[in-house]
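Residue 1517 in this note's numbering sits at position 113 of the sequence shown; the count goes up by one each step and never skips. Even for Gly, the Cβ is constructed at its ideal location relative to N, Cα and C.
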Amino acid sequence: MPKMSDVAKLAGVSTATVSRVLRNPDTVTPSTKEKVLEAINQLNYQPNMLARHFRRTETNTILVLVPNISNTVFSEIVGGIEEEAAQNGYRVLLRNTNNQLENEYASIEHLKQRQVDGMIMLSPKLDEETLIEISHQYPIVLATAHLETPTIPFVSIDNVGSSEKATEHLIRLGHRRVAHISGPMYSLISRNRYEGYQNAMKKHGLNPEDKFVREGEFTYESGYEHMLDLLSQKEVPTAVYAASDDMAIGAINAANELGVKVPEDLAVVGFDNIKFASMFNPSLTTIAQPLHGMGQRSMELLLKKLNGEAISQTEHVLPDKLIIRDSCGAKHKEKLLPM
1405 MPKMSDVAKL AGVSTATVSR VLRNPDTVTP STKEKVLEAI NQLNYQPNML
1455 ARHFRRTETN TILVLVPNIS NTVFSEIVGG IEEEAAQNGY RVLLRNTNNQ
1505 LENEYASIEH LKQRQVDGMI MLSPKLDEET LIEISHQYPI VLATAHLETP
1555 TIPFVSIDNV GSSEKATEHL IRLGHRRVAH ISGPMYSLIS RNRYEGYQNA
1605 MKKHGLNPED KFVREGEFTY ESGYEHMLDL LSQKEVPTAV YAASDDMAIG
1655 AINAANELGV KVPEDLAVVG FDNIKFASMF NPSLTTIAQP LHGMGQRSME
1705 LLLKKLNGEA ISQTEHVLPD KLIIRDSCGA KHKEKLLPM
């Protein structure tokens, strides 16, 4: 039985273009539409029943759940989702859940009442069993999220590997007392980033001591408060890896308040590469996520589900990059220690 990808190949277009011809033909040029329709007739392609069902009840609107709309990480991902959605004739409805589980449950009603065609969830708090149950009934995709058993399509980065990279960078600069301010441990992302920190420390024969670990909330305030606490101890860290840029910036300001200079007395590495990271003083060394690309890929996957296409690969892990700036002190070092 021919698939949409077969039609796209024969017509010399993308599957997204074939989808637009079927859903919103007015958004496609006449010549392109003619090529696609000719390929459909030649292959005798028939969309499957699931795709037909959604075309009958479609709203051309998808719902995106954002845990914190003020977090620039999520806003950049939404930008990628909106761009891909618009190119395929879809509108995006945003809902800020404020990290409240009941708001996530309430949002499912939009799907049940057919007010939207599908949903992209950014860092959901719902338990895995509930997410899998929802995915059996409605088209959903996860972004910046991992599952222990990845049965739902998700887009993310290697949070363990990237955190190991960030921590190891500090160790190679000569630091042995490396602290970690994590995200909330109910989040698998936070646990993965903590695991990467632990891996790097153990790899270099260092003990990731509890006194140098604090559980934050991915907020400026939690980074600030936890850094004040870490620097009030008898033995203080010489470096800190924070699991978000907001927390890293809070940590730097806390250090400055106590007269601890960054990076001379304290090296700092963050995570996310938010726009303010390069403008902050000192500019922030951080892990960059392809946020816009993550949004685009998430929408691409949702489109496939809406079109009834099979998705053979559920894990979509995009590349990250360590961006070295001033806050870690690397530019003041002659060379890094050997690996």
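Y1645 has H1584 and V1673 as its beta-bridge partners, per DSSP. In the three-state reduction of the DSSP assignment, T1689 falls in the strand class.
By the C-beta density criterion, F1680 is exposed, having fewer than 16 other C-beta atoms within 10 angstroms. Of the candidates S1418, G1674 and H1514, the residue whose Cα lies closest to the Cα of H1584 is G1674. Residue burial annotation: P1667 is buried, with at least 16 other C-beta atoms found within 10 angstroms of its C-beta. Setting aside the 5 residues that flank it on each side, V1425 is surrounded in the same chain by V1432, K1437 and V1440, each with a C-beta closer than 6 angstroms to its C-beta; the list follows chain order. Rounded to the nearest whole angstrom, the CA to CA distance from M1405 to P1554 is 28 angstroms.
Rounded to the nearest angstrom, the gap between the Cα atoms of Q1700 and E1488 is 6 angstroms.
Selection V1468, S1591, S1474 and G1484 evaluated against V1545 yields V1468 as nearest (Cα-Cα). According to DSSP, G1565 shares a beta bridge with no other residue. Contact between the segment 1709-1719 and the segment 1565-1577 is not established, with fewer than three Cβ pairs separated by less than 8 angstroms. Taking C-beta separations shorter than 7 angstroms and ignoring five residues to either side along the sequence, the partners of F1684 in its chain run I1653, following chain order. By the neighbour-count definition (other C-beta atoms within 10 Å, threshold 16), E1508 is a buried residue.
Judged by DSSP in its simplified three-state form, T1463 adopts coil rather than helix or strand. The criterion of a C-beta distance shorter than 9 angstroms is satisfied by N1472 and F1622. By alpha-carbon distance to T1642, the top candidate from I1593, H1579, E1661 and N1603 is H1579. Per DSSP, L1515 lies in no beta strand (DSSP E) segment; the continuous alpha helix (DSSP H) that holds it begins and ends at L1505 to K1516. By the Cβ-count criterion, R1618 is buried, with 16 or more other Cβ atoms from all chains shown falling within 10 Å of its own Cβ. Scanning the segment 1528-1562 from its first residue to its last, the whole beta strand (DSSP E) runs of 3-plus residues come out as 1544-1547 and 1558-1561.
Scanning L1634, I1678 and D1724 for the CA closest to the CA of A1658 turns up L1634.
Between G1522 and L1706, the gap from beta carbon to beta carbon is short of 9 angstroms.
In the three-state scheme derived from DSSP, where H, G and I count as helix and E and B as strand, V1617 is classed as strand.
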